[in-house]
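There are 2 protein chains.
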Amino acid sequence: MSEMLPGTRIQRKNRRIILRAALEVFSRHGFRGSTVDQIAAEAGLSKPNVLYYFDSKEAIHETLLTDLLGTWIAPLREIDPAGDPQEEILAYVRRKVQMSRDFPCESRLFANEILQGAPRIEGFIRGELKTLVDEKARLIRAWAASGRINDLDPYHLIFSIWALTQHYADFDAQIRMLRDDDSEPLDGAEAHLLMLFRRLLAP
Amino acid sequence: MSEMLPGTRIQRKNRRIILRAALEVFSRHGFRGSTVDQIAAEAGLSKPNVLYYFDSKEAIHETLLTDLLGTWIAPLREIDPAGDPQEEILAYVRRKVQMSRDFPCESRLFANEILQGAPRIEGFIRGELKTLVDEKARLIRAWAASGRINDLDPYHLIFSIWALTQHYADFDAQIRMLRDDDSEPLDGAEAHLLMLFRRLLAP
DNA sequence: AACAATCTTGACTGGATGGTCAACTCTGGT
DNA sequence: ACCAGAGTTGACCATCCAGTCAAGATTGTT
Numbered sequence: 001m002s003e004m005l006p007g008t009r010i011q012r013k014n015r016r017i018i019l020r021a022a023l024e025v026f027s028r029h030g031f032r033g034s035t036v037d038q039i040a041a042e043a044g045l046s047k048p049n050v051l052y053y054f055d056s057k058e059a060i061h062e063t064l065l066t067d068l069l070g071t072w073i074a075p076l077r078e079i080d081p082a083g084d085p086q087e088e089i090l091a092y093v094r095r096k097v098q099m100s101r102d103f104p105c106e107s108r109l110f111a112n113e114i115l116q117g118a119p120r121i122e123g124f125i126r127g128e129l130k131t132l133v134d135e136k137a138r139l140i141r142a143w144a145a146s147g148r149i150n151d152l153d154p155y156h157l158i159f160s161i162w163a164l165t166q167h168y169a170d171f172d173a174q175i176r177m178l179r180d181d182d183s184e185p186l187d188g189a190e191a192h193l194l195m196l197f198r199r200l201l202a203p
Numbered sequence: 204m205s206e207m208l209p210g211t212r213i214q215r216k217n218r219r220i221i222l223r224a225a226l227e228v229f230s231r232h233g234f235r236g237s238t239v240d241q242i243a244a245e246a247g248l249s250k251p252n253v254l255y256y257f258d259s260k261e262a263i264h265e266t267l268l269t270d271l272l273g274t275w276i277a278p279l280r281e282i283d284p285a286g287d288p289q290e291e292i293l294a295y296v297r298r299k300v301q302m303s304r305d306f307p308c309e310s311r312l313f314a315n316e317i318l319q320g321a322p323r324i325e326g327f328i329r330g331e332l333k334t335l336v337d338e339k340a341r342l343i344r345a346w347a348a349s350g351r352i353n354d355l356d357p358y359h360l361i362f363s364i365w366a367l368t369q370h371y372a373d374f375d376a377q378i379r380m381l382r383d384d385d386s387e388p389l390d391g392a393e394a395h396l397l398m399l400f401r402r403l404l405a406p
């Protein structure tokens, strides 16, 4: 039998179930607004059972956040200095749209943290994220200097991509209420955003 | 003596102080995450004193939200069908940037509500806001049909304006942590956003 | 000054909530 | 079948928190 993951089969299964349920609850109500009872109910377990697998509510939250951060910056990291500038940035937009579609809860969990002033992930933002953003900003500036894309502030460009893509996950409730049909808002969004950034980036 | 506002001088003063303090607290921690004690401390009053001026924590929150909604849609309402299409939309962007600068707490309070699924303001969104958005969407579509601006989905245009402008208020903490200098991020943002929408709207 | 109305607060209550524990059940290996 | 360890939970505790209340302090009016 493989020794890949720690814990028994049941441990692995229940920890996964709890994290899934906690993500749903935390992403909607924030840390303080969520209760262990809610998480337990969502997971289909009893409260003491949830606390058998995690030391505390705080520990569940921290696990979720830590797991999240890695996947959160992966799309930005994949921007290839050797690729075509416009295509690389548009591909990044596509990856971010995809993340809003596939991981809306994760997006809201992140948004909740930032809204509160980012106390739990300040280290990540000032460290790993800032290093990466600075690096990609230099790259974009170099691309602009070579005349292959419109010359714009790379930080504001990155913030614009974040704002526009994450908005469709974070403000999903509002967007749905403002639509007549019940089509997926993100379907039209991808085309709209690609058009927007194509125009913005054209030299 | 004027009878403009209800209550005594002290009542008006303290209600204002409490609402100001509550806005600060609620906008950071959300409704469930905030305590009356926090609000009282921020206001420099005792907890029972806060509850002397408002029936409940819920009542404070509701007052804030109701006060907010009116000012929140005013900038959109001001778009003038008789004006120049591009200038009208750019002026709307400018007003929204101004709101993020002047009322960041209000923006975060709103964002918190939407993140939670907008349970308290669903009526407002489906009613007053939707009516207004639909009206302005028709206007923008007519403008596009007349060839005076780029032909794009008016709903996605409006969502883009909201996403980009509110991002600077809602994600302020992150943006500050990613900057080296300590200049006001919104200074550069306004120029960036106006450039972005000028390019997007060009026919 | 005197009085009534308004304002303020320390001490309290009841319910919610995070976390514990002892007793119980289930699982897998022999 | 048996057993040791893993998994589960009802009952419980301590703390936090919204809201109450009665008693005292302040204010405005005469």
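Protein chains in written order, with my numbering: chain U, 1 to 203; chain L, 204 to 406. In this text, a Cβ means the ideal position worked out from N, Cα and C, and glycines have one as well.
Measure the C-alpha to C-alpha separation of residue i and residue j and round it to an integer number of angstroms.
| i | j | result |
| --- | --- | --- |
| U:Gly117 | U:Thr131 | 20 angstroms |
| L:Ile324 | L:His359 | 21 angstroms |
| L:Thr379 | U:Arg126 | For the record, residue 379 of chain L in the displayed sequence is Arg; it is not Thr. Using only the alpha carbons, I get a separation of about 10 angstroms. |
| L:Glu290 | L:Arg297 | 10 angstroms |
| L:Leu312 | L:Lys260 | 15 angstroms |
| L:Phe327 | U:Arg141 | 43 angstroms |
| U:Arg179 | U:Asp55 | 43 angstroms |
| L:Pro357 | U:Phe171 | 17 angstroms |
| U:Lys13 | U:Thr35 | 21 angstroms |
| U:Val25 | U:Ile39 | 6 angstroms |
| U:Ala145 | U:Ile89 | 16 angstroms |
| L:Ile146 | L:Ala366 | A query on residue 146 of chain L cannot be resolved here, the shown segment of chain L reaching from 204 to 406 and no further. |
| U:Ala41 | L:Gly286 | 55 angstroms |
| U:Ala137 | L:Val336 | 35 angstroms |
| U:Leu64 | U:Leu193 | 29 angstroms |
| L:Leu332 | U:Tyr53 | 45 angstroms |
| L:Ile361 | L:Leu355 | 11 angstroms |
| U:Ala59 | U:Leu51 | 10 angstroms |
| U:Arg198 | L:Arg402 | 10 angstroms |
| L:Glu265 | U:Asn49 | 37 angstroms |
Against residue i, what residues of chain L qualify as contacts under a CB-to-CB distance less than 8 angstroms, listed in chain order?
| i | result |
| --- | --- |
| U:Lys130 | Met380 and Leu381 |
| U:Gly70 | Ordered by position in chain L, no residue passes the 8 angstroms Cβ test against U:Gly70, which lies about 17 angstroms from the chain. |
| U:Asp153 | Gly391 and His395 |
Within its chain, find whatever has a CB closer than 7 angstroms to the CB of residue i; leave out the 5 residues flanking it on each side and keep chain order.
| i | result |
| --- | --- |
| L:Met204 | Note that L:Met204 scores 37 on pLDDT, short of 50, meaning its location in the model is unreliable; the coordinates nonetheless yield the value given after this. Nothing listed; no residue qualifies. |
| L:Pro408 | With chain L running from 204 to 406 in the structure shown, residue 408 of chain L is simply not present. |
| L:Ile364 | Tyr295, Val296 and Lys299 |
| U:Pro203 | Gly147, Arg148, Ile149 and Asn150 |
| L:Asp384 | none |
So residue i is in the alpha helix (DSSP H); what residue range does that whole segment cover?
| i | result |
| --- | --- |
| L:Glu338 | Lys333 to Ala348 |
| L:Phe400 | Pro388 to Leu404 |
| L:Arg212 | Arg212 to Gly236 |
| U:Ile89 | Pro85 to Asp102 |
| U:Asp37 | Val36 to Ala43 |
| L:Glu265 | Lys260 to Arg280 |
| L:Asp375 | Asp375 to Leu381 |
| L:Arg252 | Sequence inspection shows Asn at residue 252 of chain L; the Arg mentioned does not correspond to that position. Looking at the DSSP string, the run of the alpha helix (DSSP H) that includes L:Asn252 is Lys250 to Tyr256. |
Just the chain L side, please: which residues come within less than 7 angstroms of residue i by C-beta, in chain order?
| i | result |
| --- | --- |
| U:Phe159 | His370 and Ile378 |
| U:Ala163 | Ala366, Leu367 and His370 |
| U:Arg108 | Leu318 |
Name, please, each residue of chain U whose Cβ falls closer than 7 angstroms to the Cβ of residue i.
| i | result |
| --- | --- |
| L:Ala392 | His156 |
| L:Arg402 | Arg199 and Leu200 |
| L:Ala314 | Leu115 |
| L:Val336 | Leu178 |
Run the proximity test for residue i: is its beta-carbon closer than 7 angstroms to any non-hydrogen atom belonging to the ligand NAD?
| i | result |
| --- | --- |
| U:Arg138 | The ligand NAD is not part of the structure shown, which contains no ligands of any sort. |
Identify, in the order they occur along the chain, each residue of the same chain with its Cβ nearer than 6 angstroms to the Cβ of residue i, setting aside the five sequence neighbours on each side.
| i | result |
| --- | --- |
| L:Asp240 | Lys250 |
| L:Thr368 | Lys299, Val300 and Ser303 |
| U:Leu186 | Arg101 and Tyr168 |
| U:Pro249 | One cannot answer for residue 249 of chain U here, as it falls past the ends of chain U, which runs 1 to 203. |
| L:Ser230 | Cys308, Arg311 and Leu312 |
| U:Gly30 | Asn112 |
| L:Ala392 | Tyr371 |
| U:Leu23 | Leu64 and Cys105 |
Just to make sure I have the definition right: I need the residues of chain U whose C-beta is within less than 8 angstroms of the C-beta of residue i. Which are they?
| i | result |
| --- | --- |
| L:Lys231 | Note on residue identity: the sequence assigns Arg, not Lys, to residue 231 of chain L. Under the 8 angstroms cutoff, chain U gives Leu115, Gln116 and Gly117. |
Mind pulling the chain U residues with CB within less than 9 angstroms of residue i?
| i | result |
| --- | --- |
| L:His264 | Those do not exist, as L:His264 stays about 13 angstroms from chain U at its closest Cβ, beyond 9 angstroms. |
| L:Glu325 | Ala173 and Met177 |
| L:Ile328 | Ala173, Gln174, Met177 and Leu178 |
| L:Gly350 | Per Cβ cutoff of 9 angstroms: no residues; L:Gly350 is ~17 angstroms from chain U at best. |
For residue i, which residues in the same chain have their Cβ closer than 8 angstroms to its Cβ, ignoring the five residues on either side in sequence?
| i | result |
| --- | --- |
| L:Arg280 | Leu335 |
| U:Glu3 | Its pLDDT being 44, under 50, U:Glu3 is placed unreliably by the model, and nothing is read from it. |
Would the region 63-74 of chain U count as touching the region 257-275 of chain L if we require 3 or more Cβ pairs under 8 angstroms? no
Is the region 39-52 of chain U touching the region 17-29 of chain U in the sense that three or more CB pairs, one from each, lie closer than 8 angstroms? yes
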